[in-house]
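Right, one structure below, let's go through it.
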Amino acid sequence: MFKRRHFLTLAALTASGLIHRSWAAGPQQASHSVDAAAISARLARLEADIGGRLGVSLVDTVGARQWGYRADERFPMCSTFKWLAAAAVLRRVDEGREQLTRRIVYHQRDLIPYSPTTGKHVDGTGLSLAQLCEAAVTLSDNTAANLMLASMGGPAGMTAFVRTLGDALTLLDRNEPTLNQAVPGDPRDTTTPAAMTADLQRLVLGDVLTPASRAQLTQWLLANQTGDKRVRAGLPAGWKVGDKTGTGRLGTANDVGVAWTPQGKPLLFAVYLTENAADDARRDALHAEVGRLIAQLMS
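For the sequence shown, numbering that gives the first Met the number 0 gives the first residue as 0, with consecutive numbering after it.
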């Protein structure tokens, strides 16, 4: 449940090393000690081992370094769109067009599968928009996500929001659960890994949102409960991770977010996997391996 204490101040996040103004500048492709070809080869081996198609974008904004593998190819977003929808809500709050305290009442007919929070509040009292955002980001509550989308005009409203960020690629067309169909070659409900890390940079490390909204978005990402077996599983103790996962048909398993070193340096990541027949354990292991790669890149 959303509580006032979850509105972390920007000062608190800055003191903990999670937000730093100098990190908002866009990264430039630069020469560095880590061989980009070797990174691509390592990711290609992971892809070959599991089958299917893997897309990865990694961005070190402090060191002005970036790495990618199929980073400009389209992949189904699945639930990774939910953090962007929450950011869109916060942007509307910043603009005075929405209030996080606004209570949204919904009914049994609105519930869809996997609604761990909203399923408990169909007694007519509803939930605040803040509670819906928290449920969608931290628990991947599907009904909460649909109610969030409805608050901004549906999937088209979220797509319009990312266009204001300069993201011309990310596209949300449908609601939960049909957006998870992940049909190969279908551009609906897709993004590219590079587009997703660019959005993370603008919204989590940049100044698109007000300091209070940026802090709130960061807190929701840090509180995510669905990513323990994915990228963060490969990171050493002392790292902080704020992420959003996504899972769909045809072996689609995604994880996007920000990983902060113990020294507070961020690395943006977007890992998209689809079109494979591996089991959950193998897909999670691939994500954890990318986490280990991130730790090596930032060491």
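For each residue, glycine too, the CB sits at the ideal point set by N, CA and C.
* Examine the Cβ distances between the stretch 161-176 and the stretch 93-107 and report whether three or more of them are shorter than 8 Å. => No, the stretch 161-176 does not touch the stretch 93-107.
Practice task
Compare the Cα-Cα distances from PRO192 to each of HIS286, TYR271, GLY62, ILE38 and report the closest residue.
Solution key: On the sequence shown, position 193 is the one that residue 192 refers to. Checking every option, the nearest Cα to that of PRO192 belongs to TYR271.
Original post:
Per DSSP, TRP259 forms a beta bridge with which residues?
Top reply: Taking the first residue of the sequence shown as 1, we reach residue 259 at position 260. DSSP output for TRP259 lists LYS239, PRO265 as bridge partner(s).
| field | Alpha carbon of MET147 to alpha carbon of VAL88, nearest angstrom | value | Along the sequence shown, one-based indexing puts residue 147 at 148. Along the sequence shown, one-based indexing puts residue 88 at 89. Between MET147 and VAL88, the C-alpha separation is close to 7 Å.
Item checked: Any 3 or more C-beta pairs closer than 8 Å across the stretch 201-210 and the stretch 175-185 -> no
message = To the nearest angstrom, how far is the alpha carbon of ALA280 from that of LYS228?
response = Start at 1 with the first residue of the sequence shown, and residue 280 comes out as number 281. Start at 1 with the first residue of the sequence shown, and residue 228 comes out as number 229. Roughly 9 Å separates the two Cα atoms.
### Query
Within this structure, are the beta carbons of ASN179 and PRO265 separated by less than 9 Å?
What you label residue 179 is simply residue 180 of the sequence shown in a count that begins at 1. What you label residue 265 is simply residue 266 of the sequence shown in a count that begins at 1. Not a contact, by the Cβ cut-off of 9 Å.
Checklist entry - Based on the DSSP secondary-structure assignment, which residues constitute the bridge partners of LEU128? => result The residue you call residue 128 lines up with position 129 of the sequence shown. Looking at the DSSP assignment, LEU128 forms no beta bridge with any residue, so it has no partner.
Which of helix, strand or coil DSSP assigns to THR244: Counting from 1 along the sequence shown, the entry for residue 244 is found at position 245. THR244 falls in the strand class under three-state DSSP.
Those residues which DSSP pairs with ASN253 across a bridge: The residue given as residue 253 occupies position 254 in the sequence shown. The partner list for ASN253 (beta bridge, DSSP) reads GLY245, TYR271.
Q | Assigned secondary structure, GLY54 (DSSP; H/G/I helix, E/B strand, else coil) | A | Position 55 of the sequence shown, counted from the start, is the residue given in the question as residue 54. Three-state result, GLY54: strand.
Same chain, Cβ closer than 7 Å to ALA134, neighbours up to 5 away in sequence not counted
Numbered from its first residue, the sequence shown carries residue 134 at position 135. Around ALA134: THR116, THR117, ASP140, ALA143.
Status (buried if at least 16 other CB within 10 Å, exposed otherwise) for ASP316:
Outside the shown range of the chain, which is 0 to 298, sits residue 316, and nothing can be said about it.
Exercise for review: Locate the alpha helix (DSSP H) running through ARG187, then write down its first and last residues.
Suggested key: As a position in the sequence shown, residue 187 is number 188, starting the count at 1. Run containing ARG187: none; DSSP gives neither H nor E here.
If contact is defined by three or more beta carbon pairs under 8 Å, each pair taking one atom from either stretch, is the stretch 189-203 in contact with the stretch 61-71? yes
Report, in whole angstroms, the separation of the C-beta atoms of LEU202 and ALA37, which I expect to be a contact under 8 Å. Along the sequence shown, read from residue 1 onward, the residue named residue 202 stands at position 203. Along the sequence shown, read from residue 1 onward, the residue named residue 37 stands at position 38. Their Cβ separation, rounded to whole angstroms, is 31 Å, which puts LEU202 and ALA37 out of contact at 8 Å.
- Return yes when the Cβ of LYS243 is within less than 9 Å of the Cβ of GLY226, no when it is not. Numbered from its first residue, the sequence shown carries residue 226 at position 227. Numbered from its first residue, the sequence shown carries residue 243 at position 244. Cβ atoms of GLY226 and LYS243: closer than 9 Å.
| request: Select from GLY256, THR124, LEU131 the residue whose C-alpha is nearest the C-alpha of LEU57. | output: Counting from 1 along the sequence shown, the entry for residue 57 is found at position 58. Ranking GLY256, THR124, LEU131 by Cα distance to LEU57 puts GLY256 first.
- Query: Fully enclosed by the stretch 72-156, which alpha helix (DSSP H) runs are 4 residues long or longer?
  - Reply: 80-93, 128-137, 141-150
Compute the distance between the beta-carbons of LEU292 and LEU53, then report whether it is under 9 Å. On the sequence shown, position 293 is the one that residue 292 refers to. On the sequence shown, position 54 is the one that residue 53 refers to. With respect to the 9 Å criterion, LEU292 and LEU53 are not classified as neighbours on the basis of their beta carbons.
If you draw a straight line from the C-alpha of GLY205 to the C-alpha of MET157, how long is it? The residue labelled residue 205 in the question sits at position 206 within the sequence shown. The residue labelled residue 157 in the question sits at position 158 within the sequence shown. For GLY205 and MET157, the distance between alpha carbons rounds to 19 Å.
Would you call ASP198 buried or exposed, if buried means 16 or more other Cβ atoms sit within 10 Å of its Cβ?
Position 199 of the sequence shown holds residue 198. Buried, by the Cβ-count rule.
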